[in-house]
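The next block holds one structure in the form of structure tokens; read it before the comments.
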Amino acid sequence: MSADVTGRADEIIRKLLGWYDREQRAFSFRGTRDPYRVWLSEIMLQQTRTETVGPYYERFLDQFPDVFSLAAAQEEQVLKAWQGLGYYTRARNLHKAARIIVQEHGGRFPGDARGLGKLPGIGPYTAAAIASIAYDEPVPAMDGNLNRVISRLYHFTHEITAPDAARTLRSLGQGLMPPARAGDMNQALMDLGATICLPGTPDCGRCPLQAECLALAQGDPAALPRIRARKPPVQVPVAVVLLECGGRVLLTRRREALLKGMYVFPLREGDDGPEAALALAQRADPGQTFVREETAARHVFTHRVWNMRVYSARVASRAALTGGVWADMETLKRLPLPVAMNAARQAAERLLLAGGD
Ligand code: SF4
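And the structure:
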């Protein structure tokens, strides 16, 4: 790294840490260096807004205060505690990693980013975030925020998904890691990216790094970083059917990668018509001749959108279908259902309250 870049980096570190000391955002998951707590918050923050995480984090800690209690839990309890946060693979990996930490490391977390990165669900970003915050290891936590801020500070004009771009940005990020307070520096960069150096139009007038920012000097900060447009998510029609029998509704456990392990109502992806719903109902009761449309709902995943039509059918017997759970109202509330099923769950509750009429 040239003397010029290093000198500017020193100035960026000094100013940004000063700004962070004055302006850092207060969150309940900050201010700890306990690797279990830092890990939990970083996993929750992976795909959930920072403002949303706080209450979930506290509730989860009440239930699983340390890695031993988490490792000892059943997967279903962990998924239930995660309910509402979405992206449940995170919860399953959290649980798996807790078991590895307890069984293979006696309950002690690996002591650096490299070791942390070997655990399920911990990629390079999360490993760096945990290691820098918990152990002050000087590793940059490169995510969208850091890539954006660093692209602008250094006027990095290449497409950021191009080969070598990640390496260049990481090396610039590495140059911004002070020997002490690396965790604070990563969090300061994240805060700057989340509140001032925003995607779209950055609020440069409030930025503590105006004098150091090459994109501002060039007059084009909003044009950076250069990112290839993402493909729009696939629109998938989905028929969901609430099968009711004797005050219970049928839930099945997902085997597919999307929402794996979560309980859902019987559904068919690729078709939202009543015939698809009726075919599902007839697997429980071959004599079923109609379904009733209850409601419609839409759920956006990362790469796909479920456009759901929700139907109901009262079936004659609970015997015909095995492998699912016939849930009464209390069980319906207790089992982990994904947010995608919210509208269907509410319709099922109405159905149960009305006695299936
Ligand atoms: S001056 Fe503007 S573009 Fe540069 S780092 Fe600050 S907010 Fe971002």
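In my numbering, the protein residues as written are 896 to 1252. C-beta: ideal position from N, C-alpha, C; glycine also.
Our two residues, F959 and R932, have alpha carbons roughly 10 angstroms apart in a direct line. DSSP, reduced to helix, strand and coil, places M1072 outside both helices and strands of the structure shown, so it counts as coil. Two segments are said to touch when three or more pairs of C-beta atoms, one from each, lie closer than 8 angstroms; by this definition the segment 1181-1199 touches the segment 1236-1252. Contact between V1144 and A1222 is confirmed by a C-beta separation of about 6 angstroms, below the 8 angstroms threshold. Linking Q978 to L1109 through their CA atoms gives a straight-line distance of about 43 angstroms. T943 is a Cβ neighbour of L980, given a cutoff of 8 angstroms. DSSP places E1189 in the strand class (E or B) of the three-state scheme.
In the structure shown, the three-state DSSP call for L1119 is coil.
Secondary structure of T1021 (DSSP, three-state): helix. Around the ligand SF4, the residues whose beta-carbon falls short of 7 angstroms from at least one of its heavy atoms are V1044, R1047, L1048, L1087, I1091, C1092, P1097, D1098, C1099, C1102, L1104, Q1105, C1108, A1110, L1111, P1116, given in chain order. One thing to note: A1211 has its Cβ no nearer than 8 angstroms to the Cβ of V1136. Under the 10 Å beta carbon count, A1117 is surrounded by fewer than 16 other beta carbons and is classified as exposed. In the DSSP assignment, L1137 forms a beta bridge with S1207. Between P1132 and S1046, the C-beta spacing is not below 8 angstroms. Distances from the alpha-carbon of P1103 to those of G1088, G1114, Q1113, G1095 put G1088 closest.
Contact annotation: the segment 1022-1032 touches the segment 1072-1091, with at least three C-beta pairs closer than 8 angstroms.
The distance from the Cβ of G1018 to that of L989 is about 13 angstroms, inconsistent with a contact at the 8 angstroms cut-off. Out of A1176, L1146, R1213, the CA that lies nearest to the CA of R1229 is found in L1146. In the three-state scheme derived from DSSP, where H, G and I count as helix and E and B as strand, R944 is classed as coil. With 16 or more neighbouring CB atoms inside 10 Å of its own CB, R1043 falls in the buried class. The beta carbon of V973 lies closer than 6 angstroms to those of A986, H990 in the same chain, with the five residues before and after it left out. L1154 places its beta carbon 8 angstroms or farther from that of L1084. For A1152, there is no enclosing alpha helix (DSSP H), as DSSP marks it with neither H nor E. For L980, there is no enclosing alpha helix (DSSP H), as DSSP gives it neither H nor E.
H1194 counts as buried, since at least 16 other C-beta atoms from the protein chains shown sit within 10 angstroms of its C-beta.
Spanning the alpha carbons of D916 and P1058 requires a straight line of approximately 36 angstroms. The residue among E1244, L1247, I907, A1243 with its C-alpha nearest the C-alpha of L1071 is I907.
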